[in-house]
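J.: Below you will find the structure I want to go over with you.
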Amino acid sequence: MRETCITKLVDSWHHILVTYRNVNTDLVCLCLEVIGAYIAWIEINLIANERFVQVFITYLSIPLLREATCDCIAQIINKGMDPIAKVKLVESYDTILKQAGVLYFSGSPDDEDFMVKLSTLVNTMGTAVLNSWTKLQKMKDTRGMTIVANAIHDKIDLLLKFLNNQDDEVSQAVVEFTREYLQFLKNKASAGTYGTTDAANVEKILYIVINKYKYDPSTDFSCQGEDEAFFLEYRKSLKVLFDNLAMLDLDLVFYRTQSVITATLNQWRNLSYYDVEVAITFMYLLGEVIPNCQGNPTGNSSDKKAEMNEMLHLLVTSGVSRQGHVAVVLQFFETVVRFEKFFNQEPQHIPEILAAFLDDRGLRNNDPHVRSRASYLFSRFIKCLKSHMSNYTEGILKELQDLLVLPLPMNGVSSSLVTPDDQLYLYETAAILIVSSNFEPETKQAILKSLLLPVAEKFEMLLQKLTTTSNEYQRCEIAKCMNHAIAVTSRTSKAFSNQQTMKSNGCVEVYLQALQIFLGALNLPYEIAALQSAVRQYLHRMVVCLESEVLPYFPLATKQLLKTSDLRSIHEFIPLINQIITKFKKEVVPLVQEIFMPFVTVIFNALSNPIDENDQPAQNERQLLQRSYFLFISVIVSNNITEVMSTQNMQNLEQVLLTVIQGAVNFPDPVAQKTCFSILKKMVDLWGGTNGLNGFVDFMYNNIVPACFMAPLKDTFDLNDAQTILALSESALCLKTVLDKRGAEFVTYLKSRYLPTLHISPDKIEEYCQALGSDSKAFKNYLKFFFQNAKT
1 MRETCITKLV DSWHHILVTY RNVNTDLVCL CLEVIGAYIA WIEINLIANE RFVQVFITYL
61 SIPLLREATC DCIAQIINKG MDPIAKVKLV ESYDTILKQA GVLYFSGSPD DEDFMVKLST
121 LVNTMGTAVL NSWTKLQKMK DTRGMTIVAN AIHDKIDLLL KFLNNQDDEV SQAVVEFTRE
181 YLQFLKNKAS AGTYGTTDAA NVEKILYIVI NKYKYDPSTD FSCQGEDEAF FLEYRKSLKV
241 LFDNLAMLDL DLVFYRTQSV ITATLNQWRN LSYYDVEVAI TFMYLLGEVI PNCQGNPTGN
301 SSDKKAEMNE MLHLLVTSGV SRQGHVAVVL QFFETVVRFE KFFNQEPQHI PEILAAFLDD
361 RGLRNNDPHV RSRASYLFSR FIKCLKSHMS NYTEGILKEL QDLLVLPLPM NGVSSSLVTP
421 DDQLYLYETA AILIVSSNFE PETKQAILKS LLLPVAEKFE MLLQKLTTTS NEYQRCEIAK
481 CMNHAIAVTS RTSKAFSNQQ TMKSNGCVEV YLQALQIFLG ALNLPYEIAA LQSAVRQYLH
541 RMVVCLESEV LPYFPLATKQ LLKTSDLRSI HEFIPLINQI ITKFKKEVVP LVQEIFMPFV
601 TVIFNALSNP IDENDQPAQN ERQLLQRSYF LFISVIVSNN ITEVMSTQNM QNLEQVLLTV
661 IQGAVNFPDP VAQKTCFSIL KKMVDLWGGT NGLNGFVDFM YNNIVPACFM APLKDTFDLN
721 DAQTILALSE SALCLKTVLD KRGAEFVTYL KSRYLPTLHI SPDKIEEYCQ ALGSDSKAFK
781 NYLKFFFQNA KT
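Here it is in structure tokens:
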């Protein structure tokens with residue numbers, strides 16, 4: 001096309017542009033779009049010439065054509081070219097746009113779309129020039145860099161004009177240009193050529209960023225619409241610019257921002273909420289950028305700590321948290337929690353922050369979003385400063401009392417000030433205060449009991465109600481409340497640690513009593529999955545926090561939890577059993593022995609239920625349960641409690657071992673196959689020697705050794721897949737373990753009995769047996785080669 005007809009096409013475009021501009025503007029706009037699409041691969045001079053330029057100048061003043069013209073010029077500038085040629089092209093269009101009088105066009109609200117297009121075009125021009133400078137820098141073309149640097153500086157007024165435009169969309173369109181310009185200045189700073197003019201531009205950009213960060217007075221904080229969502233995204237772009245400004249010139253950015261913050265906080269009562277909010281926000285952002293500016297060429301971050309502390313002191317003492325607006329109070333809480341280290345050094349300010357959290361500024365605010373966020377931030381604040389809380393513990397717990405009452409929803413509507421999720425944070429906070437206090441263990445137990453006993457009592461009352469309610473919707477609502485009761489109790493256990501254990505704090509009895517009550521939810525004549533899940537989660541926490549005191553409760557819990565035949569419920573129960581085995585090991589042998597076969601039987605039954613092969617979610621659940629089952633066997637073996645299996649009758653044990661063989665060979669799931677070969681290897685190591693388990697050696701030769709050959713020979717065993725190679729490596733280690741345990745007997749078995757059945761030549765059998773005798777790494781590599789050949 002370039003050789004034969006492109007010139008005619010270009011002529012036809014020009015003809016369309018000049019012929020139809022007053023007749024059919026839609027057609028002209030389509031033509032401009034076509035030119036933009038072709039420009040990337042045709043000769044630039046066909047378009048970048050006098051006859052098209054005159055058309056573009058004219059069209060930039062015609063409202064129906066100017067946006068499409070802007071897009072077309074942007075495509076022309078985007079064309080791939082040598083850096084110097086690209087800059088000349090940009091400069092020529094810069095002149096054209098100035099001649100047309102559009103670059104300094106201010107417009108009216110009706111011109112908003114055109115201003116966005118114009119800003120996008122300026123962004124394209126600016127980034128094109130900056131990219132050219134970067135290319136010349138890599139080429140070490142200093143003369144070219146000087147020419148381009150001048151072109152860059154000529155564009156800065158335009159950059160500032162559009163970045164500072166009242167319309168956020170117009171401003172957003174030049175953010176990329178601004179970011180690239182700051183990168184250009186960083187290069188100048190590294191080269192030692194960053195001067196006063198550059199610093200002045202940085203200062204102007206900084207003030208624009210701070211000013212543009214302010215909320216519009218019309219922002220609706222109660223219902224976020226499209227405009228609010230766009231502004232939050234736009235703010236993220238401005239934050240990136242602020243971070244870049246700080247990386248470039250920390251001293252300038254810090255002290256100018258500090259000046260804005262201090263002036264605002266000193267007179268916040270006379271200012272609008274958006275001025276106050278932005279000042280507190282930039283205090284937060286300063287805290288974010290200072291640690292990232294180590295080694296900054298134009299500023300030292302280490303000497304800013306004292307000034308930051310002064311600002312924080314002013315934030316707390318100025319009373320700005322009482323300003324009243326949602327945005328201000330939220331940002332206040334975010335900021336004080338961001339600087340929790342300040343309160344470690346200046347604990348005299350803690351009471352004022354606690355008061356703010358606990359009164360109508362925070363947890364009792366009229367706005368539910370503020371209450372919710374305050375619940376989370378209060379939890380963080382207490383967690384970080386728990387060592388300073390002893391004098392305030394009783395007061396805080398008293399203030400929280402009404403917020404800790406579990407709501408009973410009436411017709412689906414809760415009367416509580418805080419949501420169930422918020423309550424989880426508040427319960428955890430209350431527990432942290434109790435556990436980290438200076439009280440004696442008896443007092444801690446009494447206070448924790450007074451916190452959790454009402455929860456357990458409400459649970460029992462709801463359990464009674466649940467058994468007598470036939471309405472399905474009401475049952476569901478009651479179950480939700482019961483679930484929440486378990487969840488808040490479980491959450492309080494997070495207050496304990498390896499240093500502050502339940503035992504050392506005298507709180508074991510409280511949680512065991514709660515467990516006994518919660519287990520009642522498993523005795524219902526019908527199962528409620530959410531309650532089962534909540535009880536399981538509580539048991540997980542108790543395994544973490546308690547010692548052997550929790551073990552007597554597991555046989556009952558296991559029996560009740562395994563009444564289900566639901567794949568997912570069984571799958572979710574296995575990690576609990578694994579956790580118990582991993583923590584208690586030999587201590588739980590009697591328990592695991594007792595539940596082992598009933599548990600395995602439930603799994604077998606669940607896996608044998610027919611599933612529609614087109615039901616992908618059900619297939620996935622089955623695969624997850626298979627993996628979990630093999631992981632369960634693996635945990636038993638790897639934690640050396642194999643007596644759980646060896647004491648089962650031989651028929652049951654063989655049934656279990658055959659499922660592991662089946663998993664290694666028949667499931668096209670390399671993750672499960674690797675686990676199965678790992679189990680088999682461990683069993684060979686334990687029972688494959690001369691004093692091993694009765695009958696196991698025969699099983700090993702009849703089943704385990706063949707499995708190590710059958711699995712890799714399957715079509716589904718992909719030797720190019722990384723996970724499958726890990727399964728193959730595990731099978732290699734399994735065979736090496738058989739060799740370690742049986743020695744020459746195993747080699748003789750392979751040579752004379754097993755390998756000939758695979759129709760392998762005597763030479764190959766000899767080669768295989770020699771490879772088996774080499775080190776593990778060499779044998780693994782050989783096996784891949786061996787099976788690749790066997791499959792071809």
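Each residue of the sequence shown is one higher than the one before, counting from 1 in the UniProt record's numbering.
No residue lacks a Cβ here, since even glycine has one placed at the ideal position from N, Cα and C.
Keep in mind that this is a model prediction, so the values were computed, not measured.
1. Under a three-way DSSP split, which group does K503 fall into?
2. Output yes or no for whether 8 Å exceeds the beta carbon distance between L136 and M145.
3. Would you identify the three-state DSSP class for M139, choosing helix, strand or coil?
4. Only counting runs of 4 or more residues, tell me where the alpha helix (DSSP H) segments fall wholly within the segment 370 to 428, in order along the chain.
5. Could you tell me the alpha carbon to alpha carbon distance between Q788 and P712, rounded to whole angstroms?
6. Less than 7 Å between the CB of K503 and some heavy atom of the ligand MN, yes or no?
7. At the level of alpha carbons, what is the spacing between K465 and C507?
8. Using the Cα positions of R269 and Y255, report the straight-line distance between them to the nearest angstrom.
9. Sorted by chain position, which residues of the same chain lie with C-beta nearer than 8 Å to S548's C-beta, five sequence neighbours on each side aside?
10. Should the segment 252 to 267 be regarded as contacting the segment 211 to 225, the criterion being three or more beta carbon pairs within less than 8 Å?
11. Can you tell which of Q648, D721 and E112 has its C-alpha closest to the C-alpha of N694?
12. So for residue 796, helix, strand or coil by DSSP?
13. So is L556 buried or exposed if we call it buried at 16+ other beta carbons inside 10 Å?
14. In whole angstroms, give me the CA-to-CA distance for K780 and I679.
15. In angstroms, rounded to a whole number, what distance separates the CA positions of V644 and S390?
16. Could you give the residue range of the alpha helix (DSSP H) that holds S569?
17. Within its chain, find whatever has a CB closer than 7 Å to the CB of P297; leave out the 5 residues flanking it on each side and keep chain order.
18. Kindly indicate which three-state DSSP category C5 falls into: helix, strand or coil?
19. Restricting to Cα atoms, I'd like to know which of L32, V336 and D359 is closest to G324.
20. Would you grab the beta carbon distance between F554 and I580 for me? Rounded to a whole angstrom, and I think it's under 8 Å.
21. In chain order, what residues of the same chain have a beta carbon less than 6 Å from the beta carbon of S437, not counting five sequence neighbours either side?
22. In whole angstroms, give me the CA-to-CA distance for V209 and D243.
23. Do you know how far the Cα of T142 is from the Cα of R66?
24. If we ignore side chains and look at the alpha-carbon of each, how far apart do E288 and V488 end up?
25. Note down, in chain order, each residue of its chain lying with its Cβ closer than 7 Å to the Cβ of S638, except the 5 sequence neighbours on either side.
26. Would you kindly work out how many angstroms separate the C-alpha atoms of L451 and S493, rounded to a whole number?
27. Measure the Cβ-Cβ separation of L206 and L232 and say whether it is below 8 Å.
28. What distance in whole Å lies between the Cβ atoms of L631 and N691, which are believed to be in contact at a cut-off of 8 Å?
29. For residue 860, which option in L17, V28, W41 and V202 has the closest C-alpha, if you only look at C-alpha atoms?
30. So L163 and S171 are in contact, right, with Cβ under 8 Å, and what is the actual spacing, rounded?
31. Quick one: grab the DSSP three-state call for Y538.
32. Considering only residues of the segment 108 to 169, which uninterrupted alpha helix (DSSP H) runs meet the minimum length of 4 residues and lie entirely inside it, listed in chain order?
33. Going by CA-CA distance only, name the one from K8, K674 and Y701 that's closest to residue 796.
34. Please go through the segment 671 to 734 and give each complete alpha helix (DSSP H) segment of 4 or more residues, from N-terminal end onward.
35. Suppose you measure from the CA of M283 to the CA of V326; what does that come to, to the nearest Å?
T.: According to the structure shown:
1. As a first step, residue 503 is located in the sequence shown; it is residue number 503 there, counting from the start. Here DSSP, grouped into helix, strand and coil, assigns K503 to coil.
2. As a working note, residue 136 is residue 136 in the sequence shown. As a working note, residue 145 is residue 145 in the sequence shown. A contact, by the Cβ cut-off of 8 Å.
3. For the purposes of this step, residue 139 is identified with residue 139 of the sequence shown, where counting begins at 1. In this structure, M139 counts as coil in the three-state DSSP scheme.
4. Unbroken alpha helix (DSSP H) runs of no fewer than 4 residues, entirely contained in the segment 370 to 428, are found at 393 to 400, following chain order.
5. Locating residue 788 in the sequence shown gives position 788, where the first residue counts as 1. Locating residue 712 in the sequence shown gives position 712, where the first residue counts as 1. When rounded, the distance between both Cα atoms is 9 Å.
6. Questions concerning the ligand MN fall outside what the structure shown contains, since it holds no ligand whatsoever.
7. Reading the sequence shown from its first residue, position 465 is the one you call residue 465. Reading the sequence shown from its first residue, position 507 is the one you call residue 507. Cα to Cα, K465 sits roughly 29 Å from C507.
8. Here residue 269 refers to the residue found at position 269 when the sequence shown is read from its first residue. Here residue 255 refers to the residue found at position 255 when the sequence shown is read from its first residue. Cα to Cα, the separation comes out at about 23 Å.
9. The sequence position of residue 548 within the sequence shown is 548, counting from 1. F584 and E587, listed in sequence order.
10. Counting Cβ pairs under 8 Å, fewer than three are found: no touch.
11. Numbered from its first residue, the sequence shown carries residue 694 at position 694. Check the Cα spacing between N694 and each of Q648, D721 and E112: the tightest is with Q648.
12. Missing from the structure shown is residue 796; the chain here goes from 1 to 792 and no further.
13. Looking up residue 556 in the sequence shown gives position 556. So L556 counts as exposed.
14. Position 780 of the sequence shown, counted from the start, is the residue given in the question as residue 780. Position 679 of the sequence shown, counted from the start, is the residue given in the question as residue 679. Going from the Cα of K780 to the Cα of I679 covers about 18 Å.
15. Along the sequence shown, read from residue 1 onward, the residue named residue 644 stands at position 644. Along the sequence shown, read from residue 1 onward, the residue named residue 390 stands at position 390. Whole-angstrom Cα-Cα distance: 48 Å.
16. Numbered from 1 along the sequence shown, position 569 holds the residue referred to as residue 569. Segment L567 to F584, the alpha helix (DSSP H) holding S569.
17. By 1-based counting over the sequence shown, the position of residue 297 is 297. Unreliable placement is indicated for P297, whose pLDDT of 49 sits below 50; no coordinate value is reported for it.
18. Position 5 of the sequence shown holds residue 5. Residue state, collapsed to three classes: coil.
19. Residue mapping note: residue 324 aligns to position 324 of the sequence shown, counting from 1. Answer by Cα proximity: D359.
20. Counting from 1 along the sequence shown, the entry for residue 554 is found at position 554. Counting from 1 along the sequence shown, the entry for residue 580 is found at position 580. Indeed, because the Cβ distance is near 7 Å, the residues count as touching under 8 Å.
21. As a working mapping, residue 437 is identified with position 437 in the sequence shown. S390 and T393.
22. On the sequence shown, residue 209 is found 209 positions in, with the first residue counted as 1. On the sequence shown, residue 243 is found 243 positions in, with the first residue counted as 1. Distance between the alpha carbons of V209 and D243: 11 Å.
23. One-based indexing of the sequence shown puts residue 66 at position 66. One-based indexing of the sequence shown puts residue 142 at position 142. Whole-angstrom Cα-Cα distance: 38 Å.
24. Here residue 288 is taken as the residue at index 288 of the sequence shown, counted from 1. Here residue 488 is taken as the residue at index 488 of the sequence shown, counted from 1. If you take the alpha carbons of E288 and V488, they lie about 33 Å apart.
25. Locating residue 638 in the sequence shown gives position 638, counting from the first residue. Counting only Cβ-Cβ distances below 7 Å, and skipping sequence neighbours, we find K682.
26. Against the sequence shown, residue 451 aligns to sequence position 451. Against the sequence shown, residue 493 aligns to sequence position 493. Those two C-alpha atoms are separated by around 12 Å.
27. Here the question's residue 206 lines up with position 206 in the sequence shown. Here the question's residue 232 lines up with position 232 in the sequence shown. In this structure, L232 does not lie closer than 8 Å to L206 by Cβ.
28. Along the sequence shown, read from residue 1 onward, the residue named residue 691 stands at position 691. Along the sequence shown, read from residue 1 onward, the residue named residue 631 stands at position 631. Incorrect: roughly 29 Å between the Cβ atoms, too far for contact.
29. Given that the chain is displayed from residue 1 to residue 792, the structure contains no residue 860 and the question cannot be resolved.
30. As a first step, residue 163 is located in the sequence shown; it is residue number 163 there, counting from the start. As a first step, residue 171 is located in the sequence shown; it is residue number 171 there, counting from the start. Indeed they touch by this definition, with Cβ atoms about 5 Å apart.
31. For the purposes of this step, residue 538 is identified with residue 538 of the sequence shown, where counting begins at 1. Helix, per DSSP.
32. 112 to 138, 142 to 154 and 156 to 163
33. Here the chain comprises residues numbered 1 to 792, so residue 796 is not present and cannot be evaluated.
34. 696 to 699 and 705 to 713
35. Reading the sequence shown from its first residue, position 283 is the one you call residue 283. Reading the sequence shown from its first residue, position 326 is the one you call residue 326. Straight-line Cα distance between these residues: approximately 18 Å.
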